[in-house]
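Below is one structure, written out as structure tokens; the observations come after it.
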Amino acid sequence: MTLRTLRRIVGAAIASTVLALAFIPGIASAHAILESSSPAPSELLASSPKEIRLDFDEQVEATLGDIRIYDSEQREVSIKKTVRSSSDVSVVTAGVPTLKNGVYVVVWRVVSADGHPVTGAFPFEIGTKSTGTSAALLEEVLNRTETTSPLGNPMSTLRLLGFLGLILLIGCVSLLWRSPLLGNARVRKTLRYSSVFIAVSSLGLLLMQGPYTAGKSWGSLFDSVLIGDVLQTRLGLALFIRSICAIAGGVIALTASASVTRRWRISVIATSVVTIATYANSGHQSAGTLPGIFVPLDMIHLAAISTWVGALLVLVVVSRDSDVEIEAKRFSRMATWSMPLVVLTGVVQGLHLLGGISTITETNFGKLLLVKTVLVGGVVVFGSKARGKLQLGGFSSIAKIIRWESTLVVLVLAVTSLMVAQSPNSTTPTSVSFSVTKVQNSIVAELSVVPAVVGAAEVHVVLSPPGGSLSPAKSVTVQFDLPSRNIPPVPVTMTEIGPNHWIGIVQFPFSGAWNMKARVSPATNQTLLFSTVVTVQD
0 MTLRTLRRIV GAAIASTVLA LAFIPGIASA HAILESSSPA PSELLASSPK
50 EIRLDFDEQV EATLGDIRIY DSEQREVSIK KTVRSSSDVS VVTAGVPTLK
100 NGVYVVVWRV VSADGHPVTG AFPFEIGTKS TGTSAALLEE VLNRTETTSP
150 LGNPMSTLRL LGFLGLILLI GCVSLLWRSP LLGNARVRKT LRYSSVFIAV
200 SSLGLLLMQG PYTAGKSWGS LFDSVLIGDV LQTRLGLALF IRSICAIAGG
250 VIALTASASV TRRWRISVIA TSVVTIATYA NSGHQSAGTL PGIFVPLDMI
300 HLAAISTWVG ALLVLVVVSR DSDVEIEAKR FSRMATWSMP LVVLTGVVQG
350 LHLLGGISTI TETNFGKLLL VKTVLVGGVV VFGSKARGKL QLGGFSSIAK
400 IIRWESTLVV LVLAVTSLMV AQSPNSTTPT SVSFSVTKVQ NSIVAELSVV
450 PAVVGAAEVH VVLSPPGGSL SPAKSVTVQF DLPSRNIPPV PVTMTEIGPN
500 HWIGIVQFPF SGAWNMKARV SPATNQTLLF STVVTVQD
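Counting from 1, position 106 in the sequence shown corresponds to residue 105 in numbering that gives the first Met the number 0; the numbering is continuous, with no gaps.
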């Protein structure tokens with residue numbers, strides 16, 4: 000591989016990443032969902048709790064996690080260290096000192112099994128009567144404490160570099176398995192570059208994961224405490240093993256020749272399988288449902304795309320100064336089975352992560368999946384055309400088509416690197432709260448949901464006439480439904496905490512456009528329906 004060729008590949012990769020980032024504003028959102036907590040959101044306690052307990056729907060890591068409590072003056076309360084339960088890997092706790100009566104806000108952060116930070120917050124009160132100020136305090140605390148690390152986009156670039164290294168490594172050995180070109184100078188350089196790419200990607204992500212999760216910046220890159228915490232997570236262990244595989248790949252590159260030994264081939268297979276496993280066991284599928292099925296499926300997907308795409312890029316590089324007629328025909332046979340395997344496993348995994356095709360346009364992950372599908376379709380079209388021409392002529396007849404095909408391949412890798420950083424259930428972040436005012440029969444209803452995110456949220460209904468007094472409403476009922484996922488109406492138990500101020504708690508299992516219907520009975524035999532759509536974010 001010449002310096003000019005390397006510059007073209009890396010330049011195209013970086014350019015495509017920058018373009019994709021320009022259209023995808025949010026990088027990395029929550030995966031794990033908070034199922035329950037103690038205290039519960041907006042719960043009124045008679046006495047101080049002994050601990051804060053958070054129960055999620057999947058395994059979480061507490062080493063990089065944090066639970067904080069703020070009082071009504073937005074001052075942080077000193078509590079014990081956040082730890083994960085020894086009996087339930089989806090539960091984290093933090094001991095709490097004796098708290099005085101008043102309103103408090105819990106702000107928490109944990110890490111999903113696939114390495115993505117998950118954050119949230121909720122209020123609770125201690126005393127005999129609710130003050131009705133918990134929603135306002137929650138908003139103020141979140142506005143003051145919310146921080147975002149600038150390392151998200153650089154990490155996406157490093158993921159792209161790692162993917163590129165992986166496919167070049169597997170592409171070389173699969174295409175040139177028994178070819179004398181394995182000892183070609185360009186091929187050996189390509190193998191060395193692949194090892195360097197994997198090493199730089201793995202070590203860079205290992206250093207950035209801690210500051211990124213903690214909401215910190217470049218100054219914390221070499222924080223030994225954060226690095227130690229990352230190494231205790233599944234993702235950290237995977238990155239460490241991947242770094243070792245990169246070293247093994249370097250040895251493989253240095254010992255490659257036109258006639259390699261059986262031991263060399265076994266080493267290549269072992270290194271490739273372990274490297275692929277580090278991706279599959281620390282990605283989205285490892286944190287989703289049925290990991291025993293979808294992690295191996297993800298490994299098959301990565302192996303197939305590396306065989307197809309990697310061999311294509313290597314073919315482009317080697318063809319510049321070598322006769323590749325035999326290798327081109329071998330690539331054609333490899334693409335015949337690897338191409339449909341990539342498409343099939345990719346579609347199955349995408350639908351599994353999104354929960355169906357109906358929600359594909361509601362998330363950044365789904366939108367990127369659509370872009371990737373279009374690009375892969377383009378690669379398939381070019382590939383089919385090239386194979387048809389190859390049967391009629393030599394490699395020279397398809398050289399131009401293969402160059403276009405390899406360009407689309409680099410774009411596919413760039414989009415894939417961004418998909419790794421996205422949650423399948425996440426959407427572009429907006430305001431943490433939702434509020435709308437509706438009027439019927441001279442009655443003003445203010446409907447609020449705080450926070451309007453997946454998980455537990457407060458529902459407020461405040462009634463008043465325009466410029467006058469209103470007798471207490473007889474009853475208020477609220478329900479939510481999500482048409483895009485066919486979720487039927489979910490009732491919310493509402494409690495009156497003040498004159499015509501009703502409050503309840505709802506659990507949103509998914510993001511999306513939820514229909515909210517509030518039925519108010521201002522008098523006997525009279526019911527008013529206030530309807531709106533609440534956009535729930537992840």
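Note that the Cβ used here is the ideal one computed from N, Cα and C, for glycine as well.
Remember, predicted model here, so these are calculated numbers, not experimental data.
- Every beta strand (DSSP E) of 3 residues or more that sits fully in the stretch 103-154 is shown, in chain order, as 116-125.
- For L63, no alpha helix (DSSP H) run applies; the uninterrupted beta strand (DSSP E) run containing it begins and ends at 59-69, by DSSP.
- DSSP, read as helix, strand or coil, puts T189 in helix.
- If you look at D228, you'll find it isn't in any beta strand (DSSP E); it sits in the alpha helix (DSSP H) that goes 223-230.
- Excluding sequence positions up to five before and after K473, its CB lies within less than 6 Å of the CB of S520, all in the same chain and listed in chain order.
- In this structure, L167 and V313 form a Cβ contact; the two beta carbons are roughly 7 Å apart against a cut-off of 8 Å.
- Assignment of F55 by DSSP, reduced to helix, strand and coil, places it in the strand class.
- With contact defined as three or more Cβ pairs closer than 8 Å, the stretch 496-503 and the stretch 449-465 are in contact.
- DSSP lists no beta-bridge partner residue for S85.
- According to DSSP, residue pairing for H459 in a beta bridge involves S447, I502.
- Secondary structure at N514: strand, using DSSP grouped into helix, strand and coil.
- Taking 8 Å as the cut-off, the beta carbon of V477 is found closer than this to the beta carbon of A517.
- Counting C-beta pairs closer than 8 Å gives fewer than three between the stretch 185-202 and the stretch 99-118, which falls short of the contact rule.
- Of the candidates Q348, I400, R177, the residue whose Cα lies closest to the Cα of R261 is R177.
- Excluding the 5 residues flanking it on each side, L481 has same chain C-beta neighbours closer than 7 Å at F509, G511, W513, in chain order.
- Taking a cut-off of 8 Å on C-beta distances, the stretch 231-245 touches the stretch 200-210, as three or more cross pairs fall below it.
- Separation of the CB atoms of E50 and V95 is rounded to 6 Å, and the pair is thereby assigned contact status at 8 Å.
- Distances from the alpha-carbon of I246 to those of R191, V315, V259 put R191 closest.
- Using a Cβ distance threshold of 8 Å, F433 and Q348 do not count as a contacting pair.
- For L136 and G119, the gap between their C-alpha atoms comes out near 14 Å.
- Counting only the Cα atoms, T362 lies some 23 Å from S447.
- Scanning the stretch 275-320 from its first residue to its last, the whole alpha helix (DSSP H) runs of 4-plus residues come out as 283-286, 290-304, 310-317.
- For D322 and W336, the gap between their C-alpha atoms comes out near 24 Å.
- For F509, there is no enclosing beta strand (DSSP E), as DSSP gives it neither H nor E.
- A direct Cα-to-Cα measurement between P40 and T306 gives close to 50 Å.
- If you look at V453, you'll find it isn't in any beta strand (DSSP E); DSSP assigns it neither H nor E.
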